[in-house]
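Residue numbers (the numbering used here), protein chains in the order written: chain A, 1 to 313; chain B, 1 to 313.
There are 2 protein chains.
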Amino acid sequence: MLLNLPRSVTIREESPRDGLQNERAVLPTETKVALINALLETGVPRINLTSFVHPQWVPQLADAADVLMQINRVEDVSYSVLIPNARGLERALEVKAMGAKVNEVNFVLSATESHNKSNVNKTIAQSLSELPSLIQRARQSGLRVYVTISMSFGCAFEGVVSIERVMKIAKEVHAMGTEEIDFGDTAGMANPRQVYDFFMKAREVLLGVELTARFHDTRGLGLVNVLSAMQAGVTSFDSSLAGLGGCPFSPGATGNICTEDLVNMLHEMGVHTGIDLNRMTECAGMAQRTFGRPLASQILKAGPPKWASVEKR
Amino acid sequence: MLLNLPRSVTIREESPRDGLQNERAVLPTETKVALINALLETGVPRINLTSFVHPQWVPQLADAADVLMQINRVEDVSYSVLIPNARGLERALEVKAMGAKVNEVNFVLSATESHNKSNVNKTIAQSLSELPSLIQRARQSGLRVYVTISMSFGCAFEGVVSIERVMKIAKEVHAMGTEEIDFGDTAGMANPRQVYDFFMKAREVLLGVELTARFHDTRGLGLVNVLSAMQAGVTSFDSSLAGLGGCPFSPGATGNICTEDLVNMLHEMGVHTGIDLNRMTECAGMAQRTFGRPLASQILKAGPPKWASVEKR
């Protein structure tokens, strides 16, 4: 028996979208642009930048178009935006036509009716029926598509969510032609045993599609779940600078796993990420000064390790 | 490939000793007794209660004898105390002769000269030369012995610590007749890959002795290291209520892994501990009220999961 560690993993930085969306404070556009530009220099390969949800629902991201137009265009970084519906997709395409860099779009639905209702005010069947035309339109416009299935490991409203229930939805999404399916532990209910079983099953039934894990650290199991997902062959993870974010509809839910803590764990194990941990930690410090409160980052508290950084070897 | 999960693990609660020792505040004896009595009712199988270090060095535990005399004697719980030297052992034996319950003694040395010097003001060779007579005397008095090797996974002063260096010390300790060797990540530098390699090696060279892991959560890797240690066959862990404790000589080091977070992880995976998570969480709340600041417990923040507790099934 051996630990199953990949040579490298792909991290998607979620703080500009999921992080800022869940903060009370609405940051000025220039503050966001500065933070994103700093993140774009960390070596992170993918970044989720904003959302084209109606500003009435998410005022924090009302400046989506301005942010996209003003940030630097850095080569080799994949820029994504969250799209709630056809109108949002058209807005994103307009901004792209004006010269903004957008490589990927992210569509979202939930594994449970209660959360899908709360989050997007639709039944799962409605969400699934709208997806094919959205995916088709996005792909015809040259955009890569990833679909997030929230509450994949348990639901704040409905409790236990079976693997079968999620796989049924995921198989439908897969058949629509998405490049990547992203499984969210939105309520922070996943445990390592479940994660292992989940992804072993997912790899069996979802062939030829990238499988991404998006863990929350609600009960401190975020990084353990990453290790477990890697045992099951997963090499793609979402995370958020300084643990920013969460889910406004999940009572008690705290943020996504912290990017710099994740990067530190991976580098210490010799797993490459392409990310400069010191630069990422500087970004976390920037975010902490911006919000003016201690954020959920162990690396910010303890500092990056001084003894070694495998990534630099 | 499968996750290697044991049916059950043995947890030793360290907060009364390692937790309280590292707090600035010196708690009244009656407050300690109340906390320990509550911990004794959680189902935790082992508890490290106090230390017979000279009160000049650790005033927080100056009332060791009073605490041992006043706490309840609960059957099926193993009571241990930390012993720094021959004088400390005699004091412990006196208290035991007066009717206190003491089942185990804990001797400590470090894997690095710098930390051993800082912690016990001896060279490693001096520590090793004193151990045999201490172990013999303890065992002749009917006490079980466990020896903790601090800085087993890295040193705050010396950086990287090789597995070979630790195994050399551990083999000497093993030959002296200890029942258990406890490897401490005192500086919080262990990573899951290292932990796996470490314990695979330890199981190979240290036959017939219980191997315990004692992780710190300095950079958020405490629970991940537990999962990794279980992959390598370890089933014995030290932890501390609400993450209390740390090491006064390790700059930046935060506490031991949090008992209730560990118990939650294990129960969610179906691994038995014998501990009642709700009662343990109540103890953590008690500790938090005592110290009057938020402690490092995710379960205290988020609450024990409502959906299930495998331990209760």
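In this text, a Cβ means the ideal position worked out from N, Cα and C, and glycines have one as well. The model shown is predicted, which means the values in this text are computed figures rather than measured ones.
Test: residue 91(B) CB closer than 7 Å to a CB of chain A: One-based indexing of the second sequence puts residue 91(B) at position 91. So no, residue 91(B) is outside the interface.
Residue 135(B) versus residue 104(B) - alpha carbon distance: On the second sequence, residue 135(B) is found 135 positions in, with the first residue counted as 1. On the second sequence, residue 104(B) is found 104 positions in, with the first residue counted as 1. Residue 135(B) and residue 104(B): Cα-Cα distance of roughly 11 Å.
As assigned by DSSP and simplified to three states, the class of residue 183(B): Translated into the one-based positions of the second sequence, residue 183(B) becomes position 183. The answer is strand: DSSP assigns residue 183(B) an E or B state.
Interface partners of residue 224(B) on chain A, CB under 7 Å: Indexing the second sequence from 1 puts residue 224(B) at position 224. Going along chain A in sequence order, the residues near residue 224(B) (Cβ under 7 Å) are 223, 224, 227, 265.
Interface residues of chain A facing residue 193(B) [CB-CB closer than 9 Å]: Along the second sequence, read from residue 1 onward, the residue named residue 193(B) stands at position 193. Under the 9 Å cutoff, chain A gives 3, 5, 268, 269, 270, 271.
CA-to-CA distance, residue 101(A) to residue 229(A), given in whole angstroms: Translated into the one-based positions of the first sequence, residue 229(A) becomes position 229. Translated into the one-based positions of the first sequence, residue 101(A) becomes position 101. Between residue 229(A) and residue 101(A), the C-alpha separation is close to 31 Å.
CB contact below 7 Å: residue 302(B) versus chain A: On the second sequence, position 302 is the one that residue 302(B) refers to. Chain A contact via Cβ: present.
Segment contact, 8 Å Cβ cut-off, at least three pairs: the segment 4 to 17 of chain A with the segment 42 to 59 of chain A: yes
Beta carbon proximity, residue 220(B) to chain E, threshold 7 Å: Considering every chain present, this structure includes no chain E. Its protein chains are A and B.
Chain A within 7 Å of residue 295(B), Cβ atoms only: Looking up residue 295(B) in the second sequence gives position 295. No - not a single Cβ of chain A is within 7 Å of the one on residue 295(B).
Near-chain A residues of the segment 227 to 241 of chain B (beta-carbon distance less than 7 Å), N- to C-terminal order: 227, 228, 231
Same chain, Cβ closer than 7 Å to residue 59(A), neighbours up to 5 away in sequence not counted: Within the first sequence, residue 59(A) is the residue found at index 59, counting from 1. Cβ neighbours of residue 59(A) beyond the five flanking positions: 26.
Option nearest residue 70(B) by Cα separation, candidates 179(B), 38(B), 30(B), 10(B): Your numbering for residue 70(B) matches position 70 in the second sequence. That would be 30(B), whose Cα lies nearest to the Cα of residue 70(B).
Residue interval of the beta strand (DSSP E) (run including residue 237(A)): Here residue 237(A) is taken as the residue at index 237 of the first sequence, counted from 1. 236 to 239 is the extent of the beta strand (DSSP E) around residue 237(A).
Assigned secondary structure, residue 20(A) (DSSP; H/G/I helix, E/B strand, else coil): For the purposes of this step, residue 20(A) is taken as the residue at position 20 of the first sequence. Helix, per DSSP.
Cα-Cα separation between residue 243(A) and residue 147(A), rounded to whole angstroms: Indexing the first sequence from 1 puts residue 243(A) at position 243. Indexing the first sequence from 1 puts residue 147(A) at position 147. Their backbone Cα atoms lie some 22 Å apart in a straight line.
Three-pair Cβ contact test at 8 Å for the segment 190 to 197 of chain A versus the segment 190 to 203 of chain B: no
Where residue 11(B) meets chain A, residues with beta-carbon distance less than 9 Å: On the second sequence, position 11 is the one that residue 11(B) refers to. Those do not exist, as residue 11(B) stays about 16 Å from chain A at its closest Cβ, beyond 9 Å.
Beta-carbon proximity check, residue 151(A) vs residue 115(A), cutoff 7 Å: Within the first sequence, numbered from 1, the residue matching residue 151(A) stands at position 151. Within the first sequence, numbered from 1, the residue matching residue 115(A) stands at position 115. Result yes, Cβ atoms of residue 151(A) and residue 115(A) sit closer than 7 Å.
Short-range partners of chain B found in the segment 277 to 289 of chain A, where Cβ spacing is below 7 Å: none
Identity of the residues DSSP links to residue 12(B) by a beta bridge: For the purposes of this step, residue 12(B) is taken as the residue at position 12 of the second sequence. DSSP lists 46(B), 238(B) as partners of residue 12(B).
Opening and closing residue of the beta strand (DSSP E) in which residue 212(B) lies: For the purposes of this step, residue 212(B) is taken as the residue at position 212 of the second sequence. Residues 210 to 214.
Straight-line gap, residue 217(B) to residue 89(A) (C-alpha atoms, nearest Å): Within the second sequence, the letter at position 217 stands for residue 217(B). Within the first sequence, the letter at position 89 stands for residue 89(A). Distance between the alpha carbons of residue 217(B) and residue 89(A): 43 Å.
Neighbour flag for residue 261(A) against chain B, beta carbons, 7 Å: Mapped onto the first sequence, residue 261(A) falls at position 261. With 7 Å as the cut-off, residue 261(A) counts as an interface residue toward chain B.
Close-in-space but distant-in-sequence residues of the same chain around residue 10(A) (CB under 7 Å, 5 per side omitted): As a working mapping, residue 10(A) is identified with position 10 in the first sequence. Cβ within range, chain order: 45, 46, 235, 236.
Where residue 303(A) sits in the DSSP three-state scheme: The count along the first sequence starts at 1 and reaches residue 303(A) at position 303. DSSP places residue 303(A) in coil when its eight states are reduced to three.
Span of the beta strand (DSSP E) around residue 109(A): As a first step, residue 109(A) is located in the first sequence; it is residue number 109 there, counting from the start. Here the beta strand (DSSP E) through residue 109(A) covers 104 to 110.
Residue from 127(A), 188(A), 178(A) whose Cα sits closest to the Cα of residue 109(A): The residue given as residue 109(A) occupies position 109 in the first sequence. Residue 109(A) has its Cα closest to that of 127(A), out of 127(A), 188(A), 178(A).
Residue 169(A) - DSSP class collapsed to helix/strand/coil: Here the question's residue 169(A) lines up with position 169 in the first sequence. The answer is helix: DSSP assigns residue 169(A) an H, G or I state.
Residue 118(A) - containing beta strand (DSSP E), residue span: Along the first sequence, read from residue 1 onward, the residue named residue 118(A) stands at position 118. It is not in any beta strand (DSSP E) - residue 118(A) instead sits in the alpha helix (DSSP H) that spans 113 to 120.
Cβ shell of residue 203(B) (< 6 Å), same chain only, five flanking positions each side left out: Locating residue 203(B) in the second sequence gives position 203, where the first residue counts as 1. For residue 203(B), where only same-chain residues beyond five positions count, the Cβ hits under 6 Å are 233.
Stretch pair the segment 73 to 91 of chain B + the segment 156 to 171 of chain B: three plus CB contacts closer than 8 Å: no
Endpoints, beta strand (DSSP E) assigned at residue 293(A): On the first sequence, residue 293(A) is found 293 positions in, with the first residue counted as 1. No beta strand (DSSP E) contains residue 293(A), which DSSP labels as neither H nor E.
Beta-ladder partner(s) of residue 254(B), from DSSP: By one-based count along the second sequence, residue 254(B) stands at place 254. Note: residue 254(B) sits in no beta bridge, so no partner.
Pick from 272(A), 292(A), 263(A) that is closest to residue 298(A), judged by C-alpha positions: The count along the first sequence starts at 1 and reaches residue 298(A) at position 298. Closest option to residue 298(A), Cα to Cα, is 263(A).
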